[in-house]
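Chemist: Note that the UniProt record's numbering has the sequence shown beginning at 1, numbered continuously upward.
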Amino acid sequence: MKVLSLTELGKFELQERAIPTPGAGEVLVKIGAAGICGSDIPRAFVNGPYHYPIVLGHEFSGHIVAVGEGVKEDLVGRKTAIFPLIPCNECAFCKERYYAKCAHYSYFGSRQDGGFSEYLSVPEFNLVLLDDDADLREAAMLEPAVVGLHVMRRAHLDLNDSVVIYGMGPIGIMIARWAAIYGAKKVLLVDIDQKKIEFCRALGFTDICDASQTDPVEWVMQQTEGYGADVCIEGSGSSSGFINSLMSCRVFGKVLMLGNPHTDVNIPREIYDKFMRKEAQIMGVFNSIYSQRPHDEWKDAAAAIQSGKLKVSDLITHAVPMEELSALFNLIRDSKVPFCKGMMVM
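Right, dumping it as structure tokens:
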């Protein structure tokens, strides 16, 4: 089989490997689609992975083509998406079924080989089984869709709340769509990237602030009758985004920290003081809730996508075969293409 292996920082190689045999409790998945996450770009070109070589890709879907010992044969032929975190099942968080908080987890595409491959052995536990008519490209969008859903559930959004989202990448757009589904009165988007702003306008979003031209805090205040937003979501991982989120939050509001920072995030003393007086909440948001009834966000998001309630296909701007995937990585890194979600398709 073919895999796209990251062999050193910034260097991909198309390699031939043996098709794996699924072990006990595992299935063999023939990959149908695998998305490039924003975190894959610094992983490939800046910070590096945990080890080399590594096959990236943690947003993927496919068909089950074989099963290992202890797995029912009737899974063969089923379509599936994959929960990419592999828990230890031993720590306190796993025993409480908070698998995303596992103390000793592995992860497809960062700690072990992931979805940029023709085949992959996957624990049965990690399968998110899909309808027979499911679109595998849409299914590969499930992971960012779930993160967006988790943000909304952590926010405990009330009907008629106003929401501002700093950062208009795929997850930011997903959050905006979930916010509308959950009944937000107003959904405001903020970014400085002209390509992202134009893309979101093309999707039909109208309440967008170009923060390179307009003070976003003043803009949010104008849009919320001077009160600020009930829920502010910081998705950029930057000091400016965090400060703007704090300042555009209303009294007793909520700020959710979602963005991955690449440098230290700092706030001036006067901003700290003003936010403290609002008695607002700050909370971190990471990953999702999986296999924890009745709130399995993966099953809920999959159902929303498959029913058409949550639209994701229009975020896929690039779909290429494995042979062209490394070139797409380079184009995304160099910002040479209008880009939302790039994907390998088989």
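Ideal Cβ placement from N, Cα and C applies to all residues, glycine included.
Could you name the residues of the same chain whose beta carbon sits closer than 8 Å to that of Asp215, not counting the 5 residues immediately before and after it, in chain order?
Modeler: none
Chemist: Are there 16 or more other CB atoms within 10 angstroms of the CB of Tyr99, so buried, or fewer, so exposed?
Modeler: buried
Chemist: Given this structure, state the Cα-to-Cα distance separating Pro53 from Ser39, to the nearest angstrom.
Modeler: 17 Å
Chemist: In the DSSP assignment, what are the bridge partners of Ile36?
Modeler: The partner list for Ile36 (beta bridge, DSSP) is empty, contrary to what the question assumes.
Chemist: Would you grab the beta carbon distance between Val163 and Glu297 for me? Rounded to a whole angstrom, and I think it's under 8 Å.
Modeler: The Cβ separation is near 18 Å, so there is no contact.
Chemist: Exposed or buried, Val46, counting other C-beta atoms within 10 Å across all chains shown (16 or more means buried)?
Modeler: exposed
Chemist: DSSP three-state label for Cys94, please.
Modeler: Helix at Cys94.
Chemist: Measuring from the CB of Ala304, is there a heavy atom of the ligand COA at a distance below 7 Å?
Modeler: With respect to small molecules bound, the structure shown includes none, and the ligand COA cannot be examined in it.
Chemist: Taking 8 Å as the limit between beta carbons, can you name the residues of its chain near Met1, skipping five residues before and five after?
Modeler: Glu16, Arg17, Ala18, Ile19, Ser117, Glu118 and Tyr119
Chemist: Would you mind sorting Arg177 into buried or exposed? The rule is 16 or more other CB atoms within 10 Å of its CB.
Modeler: buried
Chemist: Determine, using beta-carbon pairs with one atom in the stretch 231-238 and one in the stretch 202-217, whether at least three such pairs fall under 8 Å.
Modeler: Contact between the stretch 231-238 and the stretch 202-217 is absent: fewer than 3 CB-CB pairs across the two stretches fall below 8 Å.
Chemist: Could you tell me if Lys254 is buried or exposed, where buried requires 16 or more neighbouring beta carbons within 10 angstroms of its beta carbon?
Modeler: buried
Chemist: Within the same chain, show all residues whose beta-carbon is closer than 6 Å to that of residue 347, passing over the 5 residues directly before and after it, in chain order.
Modeler: Here the chain comprises residues numbered 1 to 346, so residue 347 is not present and cannot be evaluated.
Chemist: With a CB to CB cut of under 7 Å and the five nearest residues on each side skipped, what residues in its chain are close to Val187?
Modeler: Same-chain partners within the cutoff: Val163, Ala176, Ala179, Ala180 and Asp207.
Chemist: Just confirm the distance between the C-beta atoms of Ser288 and His150, as a whole number of angstroms; I'd bet it's less than 8 Å.
Modeler: Contact flag correct, Cβ pair sits at about 4 Å.
Chemist: Where does the unbroken beta strand (DSSP E) through Leu120 begin, and where does it stop?
Modeler: Tyr119 to Pro123
Chemist: Compute the beta-carbon to beta-carbon distance between Ala327 and Met343, rounded to the nearest angstrom, for a pair I have assumed lies under 8 Å.
Modeler: Rounded, the Cβ-Cβ distance is 14 Å, inconsistent with contact.
Chemist: Here's the rule I'm using: 16 or more other beta-carbon atoms within 10 Å means buried, otherwise exposed. How should Lys336 be labelled?
Modeler: Burial call: exposed.
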